[in-house]
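Going by this note's numbering, the first residue of the sequence shown is number 5, and it counts up by one from there. Think of the CB as a built atom: it goes at the ideal place given N, C-alpha and C, for glycine as much as any other residue. Here is the structure we will look at, set down as structure tokens.
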Amino acid sequence: MREARGTRQVAEDALAWVSAQRAQFALGDDALAADGQVNRSWKPLGELAQVCATVTRHTAPPDPLHACAADLMAFAWQQTDEGELFVRLQRLEPFATYPLEVYAAMAAAGLRHPGYEAATATVARTRGWRLTEQEPTRRLGVLNAEARSGIRETGAMPQALRRTWLAGLPEPWTFEESSGYSLTHVVFHLTDWGRAGPDGVPPDLADYLADWLPPWLDTCLDAGMWDLGCELLAVAASLPLLPEPTALQDAWARIAAVQHPSGAVPERGSGADHDSGPDFLTHYHPTLMAAFAATLTTRRLDDAARADTHQRPGGQGVLG
């Protein structure tokens, strides 16, 4: 379990940096403005909530990692005025999907606003909402957000899945950065961001990823693409079979090597340009992904170790 402890440390340090930077995730006065920069306001807050929902799911309440994630989730919910801002956003932009996607991350942790859900469900019944043209991966994300928020069941997800790059089982040499981010999010939506377990990945996709994810991951890490590398590690921890232990340990050692003493992880590059401290906008997402992937990996390694202990001859069984 040596690698599990190392991976756990990556998660702790990453979330510690995120916690120290919480003020940067706060919504500003332009959160409801028509010309507001969603990618600098709602997007970071939603990603914070998404990761914290998974961390709290896979850690026990007495765990300091759980406590940190729960505290950050409470902060995120407070930033939305306990859901009231979603209601106002829905009135201003009734056909925008990003408010629902951010809300769904919080709903996954049990933070709900019935009024917002009712208002959004009304819009979601319109043809205009159902027929909005979206990229396949984004469509999958919206469907997952609807299911999380109790607006609609996930019956349409298999059809949406088959339109994605990953579901086509493309030639492995066609993998590139954009397709890499696409496939990671397909797996995230299928597994409800690691909350539903590896059974959400269809067998044909799981087999395909078991073969090709390791070389893709190695290529990304060689290129210093730490953000995508962390996302691929999260995918690896979401599959029925983990990669070979040596490959997994090497990948996490490389992530740990570029992690700043503060806990921040750079998006790409050597990680040596930290003289003035990690910049929030270029570090928050890979740092969140490091915490996300490390938490999932640690949980899978712990589960595997417990299963191995129970299966050893003479060892105590589950009820022993």
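Determine the DSSP secondary structure at ARG199, reduced to helix, strand or coil.
Taking the first residue of the sequence shown as position 1, residue 199 is located at position 195. ARG199 falls in the coil class under three-state DSSP.
Contacting residues, own chain, Cβ-Cβ under 8 Å from LEU330 (five flanking each side not counted):
The structure shown does not extend to residue 330, since the chain spans only 5 to 324, so no value can be given for it.
DSSP three-state call for ALA53: helix, strand or coil?
For the purposes of this step, residue 53 is taken as the residue at position 49 of the sequence shown. In this structure, ALA53 counts as helix in the three-state DSSP scheme.
Report yes or no: do three or more beta-carbon pairs, one from the segment 137-148 and one from the segment 175-192, lie closer than 8 Å?
Output reads yes: the segment 175-192 touches the segment 137-148.
Count the other C-beta atoms from every protein chain shown that fall within 10 angstroms of the C-beta of ALA71, then say buried if there are 16 or more, exposed otherwise.
As a first step, residue 71 must be located in the sequence shown, where it is residue number 67. With fewer than 16 Cβ atoms within 10 Å of its Cβ, ALA71 is classed as exposed.
How many Å lie between THR124 and ALA37 at the Cα?
Working through the sequence shown from its first residue, we reach residue 124 at position 120. Working through the sequence shown from its first residue, we reach residue 37 at position 33. Between THR124 and ALA37, the C-alpha separation is close to 20 Å.
Measuring CA to CA, which of ALA311, PRO65, THR130, GLY40 is closest to LEU93?
The count along the sequence shown starts at 1 and reaches residue 93 at position 89. For LEU93, the nearest C-alpha among the options comes from GLY40.
Using a Cβ distance threshold of 8 Å, determine whether the segment 143-152 contacts the segment 84-93, with at least three qualifying pairs required.
no
Are the CB atoms of LEU19 and ALA57 within a distance shorter than 8 Å?
Residue mapping note: residue 57 aligns to position 53 of the sequence shown, counting from 1. Residue mapping note: residue 19 aligns to position 15 of the sequence shown, counting from 1. Not closer than 8 Å, so no.
Which residue comes first and which comes last in the alpha helix (DSSP H) that contains SER182?
By 1-based counting over the sequence shown, the position of residue 182 is 178. It spans 181-194 - the alpha helix (DSSP H) in which SER182 sits, taken as one unbroken run.
Thinking C-alpha only, which one of PRO202, LEU221, VAL205 is nearest GLU180?
Residue mapping note: residue 180 aligns to position 176 of the sequence shown, counting from 1. The option with the nearest alpha carbon to GLU180 is LEU221.
Ordered list of alpha helix (DSSP H) runs contained in the segment 92-175, each at least 4 residues
Complete alpha helix (DSSP H) runs here, min 4: 102-111, 118-128, 131-134, 140-152, 161-165.
Between which two residues does the alpha helix (DSSP H) harbouring LEU252 extend?
Working through the sequence shown from its first residue, we reach residue 252 at position 248. Where LEU252 is concerned, the enclosing alpha helix (DSSP H) stretches over 249-262.
Considering only residues of the same chain and omitting the five flanking positions on each side of THR11, which have a CB-CB separation below 6 Å?
Locating residue 11 in the sequence shown gives position 7, where the first residue counts as 1. Taken in chain order, the residues that qualify are TRP256, ALA298, THR301, THR302.
Taking the straight line between their C-alpha atoms, what separation do you get for SER153 and GLY198?
Against the sequence shown, residue 153 aligns to sequence position 149. Against the sequence shown, residue 198 aligns to sequence position 194. Approximately 17 Å between the Cα atoms of the pair.
Can you give me the Cβ contacts of ALA111 inside the same chain, cut-off strictly under 6 Å, excluding the 5 residues immediately before and after it?
Here residue 111 refers to the residue found at position 107 of the sequence shown. Here the set comprises ARG152, SER153.
Which of the three DSSP states is assigned to GLU88 in this structure?
Here residue 88 corresponds to residue number 84 of the sequence shown, with the count starting at 1. In the structure shown, GLU88 sits in a helix (DSSP, three-state: H, G or I).
Rounded C-beta distance between CYS234 and VAL262? I'm assuming under 8 Å.
Here residue 234 refers to the residue found at position 230 when the sequence shown is read from its first residue. Here residue 262 refers to the residue found at position 258 when the sequence shown is read from its first residue. Taking C-beta atoms under 8 Å as the contact rule, CYS234 and VAL262 fail to qualify, at a distance of about 11 Å.
On the DSSP letters alone, give me the boundaries of the alpha helix (DSSP H) that PHE79 sits inside.
Against the sequence shown, residue 79 aligns to sequence position 75. That run of the alpha helix (DSSP H) goes 68-83.
Residue environment, ARG61, which counts as buried when at least 16 other CB atoms sit within 10 Å:
Translated into the one-based positions of the sequence shown, residue 61 becomes position 57. So ARG61 ends up on the buried side.
Return helix, strand or coil for GLN25, following the three-state DSSP convention.
For the purposes of this step, residue 25 is identified with residue 21 of the sequence shown, where counting begins at 1. Coil.
ARG303, DSSP secondary structure in three states
Within the sequence shown, numbered from 1, the residue matching residue 303 stands at position 299. Three-state DSSP puts ARG303 in a helix.
Would a C-beta distance cut-off of 8 Å place LEU52 and ALA80 closer than the cut-off?
Here residue 52 corresponds to residue number 48 of the sequence shown, with the count starting at 1. Here residue 80 corresponds to residue number 76 of the sequence shown, with the count starting at 1. Taking 8 Å as the Cβ cut-off, LEU52 and ALA80 qualify as a contacting pair.
In chain order, what residues of the same chain lie with their CB nearer than 7 Å to the CB of VAL55, ignoring the 5 residues before and after it?
Here residue 55 corresponds to residue number 51 of the sequence shown, with the count starting at 1. Closer than 7 Å at the Cβ level, and outside the excluded window around VAL55, lie LEU292, ALA295, PHE296.
VAL190 and LEU165 closer than 8 Å at C-beta
Working through the sequence shown from its first residue, we reach residue 190 at position 186. Working through the sequence shown from its first residue, we reach residue 165 at position 161. Yes.
Leaving aside the five residues before and after THR84 along the sequence, list all residues of the same chain whose C-beta is less than 7 Å from its C-beta, in chain order.
As a position in the sequence shown, residue 84 is number 80, starting the count at 1. So the qualifying residues of the chain are PHE90.
Cβ neighbour criterion (16 or more within 10 Å) applied to ALA24
In the sequence shown, residue 24 corresponds to position 20, counting from 1. The residue in question, ALA24, is exposed, as its Cβ has fewer than 16 Cβ neighbours within 10 Å.
Quick check on the burial criterion: 16 or more other C-beta atoms within 10 angstroms. Buried or exposed for ASP33?
Taking the sequence shown and counting its residues from 1, the one referred to as residue 33 is at position 29. It is exposed - the Cβ of ASP33 has fewer than 16 other Cβ atoms within 10 Å.
Using the rule of at least 16 other Cβ atoms within 10 Å of the residue's Cβ for burial, across every protein chain shown, is SER182 buried or exposed?
Along the sequence shown, one-based indexing puts residue 182 at 178. The residue in question, SER182, is exposed, as its Cβ has fewer than 16 Cβ neighbours within 10 Å.
Taking GLY228 and ARG272 to be in contact with their CB atoms under 8 Å, please state how far apart those CB atoms are, rounded to whole angstroms.
The residue you call residue 228 lines up with position 224 of the sequence shown. The residue you call residue 272 lines up with position 268 of the sequence shown. Rounded, the Cβ-Cβ distance is 5 Å, consistent with contact.
Can you tell me whether DSSP reads MET229 as helix, strand or coil?
Translated into positions along the sequence shown, residue 229 becomes position 225. Of the three classes helix, strand and coil, the one that applies to MET229 here is coil, per DSSP.
Return yes when the C-beta of GLN163 is under 7 Å from any heavy atom of the ligand ATP, and no when it is not.
The ligand ATP is absent from the structure shown, which contains no ligands of any kind.
How about ALA113 and LEU69: do their beta carbons lie closer than 8 Å?
Mapped onto the sequence shown, residue 113 falls at position 109. Mapped onto the sequence shown, residue 69 falls at position 65. No, the pair does not count as a contact, with Cβ atoms beyond the cut-off.
Use the C-beta contact count for ALA208: other C-beta atoms within 10 angstroms, 16 or more gives buried, fewer gives exposed.
Looking up residue 208 in the sequence shown gives position 204. For clarity, residue 208 is Asp in the given sequence; the question names Ala instead. Per the 10 Å Cβ criterion, exposed.
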